[in-house]
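Engineer: Can you keep this structure in mind? I'll have questions shortly.
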Amino acid sequence: MNSAQHSHQFDTLFICSNFMLVVEIKNINGRLDFDDITHQCIRTKPDGTVEGFPNALTQTQRHMQFLKVIFQNYSLPIVGAVIIANSSAIIASHPNTIPIFHVSALQKHLHSLFKKYTHAILSDEQLTEIAQLLLSRQQPSKIPAAIDSSRFRQGVLCPKCKYKSQMHYARGIWRCLYCQYASEEIFAEALQDYQYLVRPTITNKQLREFFGIHSIDAANRLLRKFQFPYTGSYKNRVYRLPENLVEYMKPFFRTS
Ligand SMILES: [Zn+2]
1116 MNSAQHSHQF
1126 DTLFICSNFM
1136 LVVEIKNING
1146 RLDFDDITHQ
1156 CIRTKPDGTV
1166 EGFPNALTQT
1176 QRHMQFLKVI
1186 FQNYSLPIVG
1196 AVIIANSSAI
1206 IASHPNTIPI
1216 FHVSALQKHL
1226 HSLFKKYTHA
1236 ILSDEQLTEI
1246 AQLLLSRQQP
1256 SKIPAAIDSS
1266 RFRQGVLCPK
1276 CKYKSQMHYA
1286 RGIWRCLYCQ
1296 YASEEIFAEA
1306 LQDYQYLVRP
1316 TITNKQLREF
1326 FGIHSIDAAN
1336 RLLRKFQFPY
1346 TGSYKNRVYR
1356 LPENLVEYMK
1366 PFFRTS
């Protein structure tokens, strides 16, 4: 009810040639307890009022996971930290998953990371590449969806074959006919590429055409499985692909 209720959240990413640091900055005062089991952050104000907040540690871990997927081809260490910007906040119980500290300790923490990760893994070109990749992922809506789809490879492409061969879909699994690599979750990555390169929505027909699925029913099952928001009646249904698509789709796969 008062100004203390305002909290500001920033996602900050520190990238250098040696490592990548994902920082979640929280401006919350009071006593903060991070529960590892319920994944909740509980804030107790000086007057005794207790409130729940999204757990910054869990959020940071989710961001790290997301970045690990994007940058799986680079061997750059990805680490995380939660920073409490409000100096009067008391960091009480918390699990040891990710460092959590007051903003005043940031410099010391960076120092310790440079001591730990002494080798430069990325070249200057790769650093630029990564920064561009991140920017393009951050603002998918600003990318004009005007690239003619004949100019890039369509379908679910096999990561083991350097994305040169198209994977085939059967009974819920994508399989590469060249190297036999099979995966269910690879579809999320491919659909996200479609989202960025082609358009942020998809229909049954577009799914079949782009991903080489022959059966309308199979395409329909695939689209419904992820519970995408949609508009339109059964036959002309247009599914809207949510932001952070790979993350969004994760819980719907059997294996996860
Ligand atoms: Zn392959």
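First residue of the sequence shown: 1116, per our numbering; consecutive thereafter.
For every residue, glycine included, the Cβ atom is placed at its ideal position computed from N, Cα and C.
(1) Which residues in the same chain have their Cβ closer than 6 Å to the Cβ of Y1189, if we skip the five residues on either side of it in sequence?
(2) Distance, Cα to Cα, Q1321 vs M1364?
(3) Quick one: is E1358 buried, meaning 16 or more other Cβ sit within 10 Å of its Cβ, or exposed?
(4) Under 5 Å from any heavy atom of ligand 1, by CB: list those residues in chain order, please.
(5) Among residues of its own chain, excluding the 5 on either side of E1362, which ones have a beta-carbon nearer than 6 Å to its beta-carbon?
(6) Taking 6 Å as the limit between beta carbons, can you name the residues of its chain near K1160, skipping five residues before and five after?
(7) Counting Cβ pairs, one atom from each stretch, are 3 or more of them under 8 Å apart for the stretch 1269-1280 and the stretch 1300-1318?
(8) If you draw a straight line from the C-alpha of A1207 to the C-alpha of N1351, how long is it?
(9) In or out: K1257 buried (at least 16 other Cβ within 10 Å) or exposed?
(10) Return yes when the Cβ of P1210 is within less than 8 Å of the Cβ of D1151, no when it is not.
(11) If we ignore side chains and look at the alpha-carbon of each, how far apart do L1191 and M1179 end up?
(12) How about I1198 and L1228: are their beta carbons less than 8 Å apart?
(13) Flag this pair as yes or no: are the beta carbons of P1372 and H1226 separated by less than 8 Å?
(14) Sorted by chain position, which residues of the same chain lie with C-beta nearer than 6 Å to Y1284's C-beta, five sequence neighbours on each side aside?
(15) To the nearest whole angstrom, what separates the beta carbons of E1299 and F1368, a pair I think is in contact under 8 Å?
(16) Whole angstroms is fine: what's the gap from I1236's alpha carbon to S1348's?
(17) Assuming the contact rule is C-beta atoms closer than 8 Å, T1436 and L1356 should be a hit. Round their C-beta distance to whole Å, please.
(18) Count the other CB atoms, across all protein chains shown, that sit within 10 Å of the CB of C1058; report buried if there are 16 or more and exposed otherwise.
(19) With C-beta atoms as the reference, is V1194 less than 8 Å away from L1248?
(20) Cα separation between C1291 and V1184?
(21) Whose C-alpha, out of V1138, R1268, G1163 and D1239, is nearest the C-alpha of F1070?
(22) Return the residue from the list G1287, Y1296, E1139 and P1366 that minimises the CA-CA distance to R1279.
(23) Would you kindly report the start and end of the unbroken beta strand (DSSP E) that includes Q1155?
(24) Please list, in chain order, all residues of the same chain as K1141 whose beta carbon is under 6 Å from its beta carbon, the five residues on each side excluded.
(25) With 16 other CB atoms within 10 Å as the buried threshold, where does R1158 fall?
Structural biologist: According to the structure data:
(1) none
(2) Each residue's alpha carbon lies about 19 Å from the other.
(3) exposed
(4) Cβ atoms closer than 5 Å to ligand 1 belong to C1273, K1275, C1276, C1291, Y1293, C1294 and Y1296.
(5) F1181
(6) If we look at K1160 and ignore the five residues flanking it on each side, its Cβ neighbours are G1145.
(7) The count of Cβ pairs closer than 8 Å, one atom from the stretch 1269-1280 and one from the stretch 1300-1318, reaches three, so the stretches are in contact.
(8) 53 Å
(9) The predicted model places K1257 with a pLDDT of 43, which falls under 50 and marks its position as unreliable; any figure quoted below should be read in that light. Burial state of K1257 is exposed, judged by a 10 Å Cβ sphere holding fewer than 16 other Cβ atoms.
(10) yes
(11) Approximately 12 Å, taken between the alpha carbons.
(12) no
(13) Summary: the structure shown does not reach residue 1372, with the chain confined to residues 1116 through 1371, and so no result is reported for it.
(14) I1328
(15) Contact holds; Cβ gap of about 6 Å.
(16) 51 Å
(17) Any property of residue 1436 remains undetermined from this structure, which presents the chain solely from 1116 to 1371.
(18) It is not possible to answer for residue 1058, since the shown part of the chain is limited to 1116 through 1371.
(19) Contact flag unset, no.
(20) 20 Å
(21) It is not possible to answer for residue 1070, since the shown part of the chain is limited to 1116 through 1371.
(22) The question names Arg, but residue 1279 in the sequence shown is Lys. Residue Y1296 is the option with its Cα nearest to K1279.
(23) Q1155 to T1159
(24) A1171 and I1199
(25) buried
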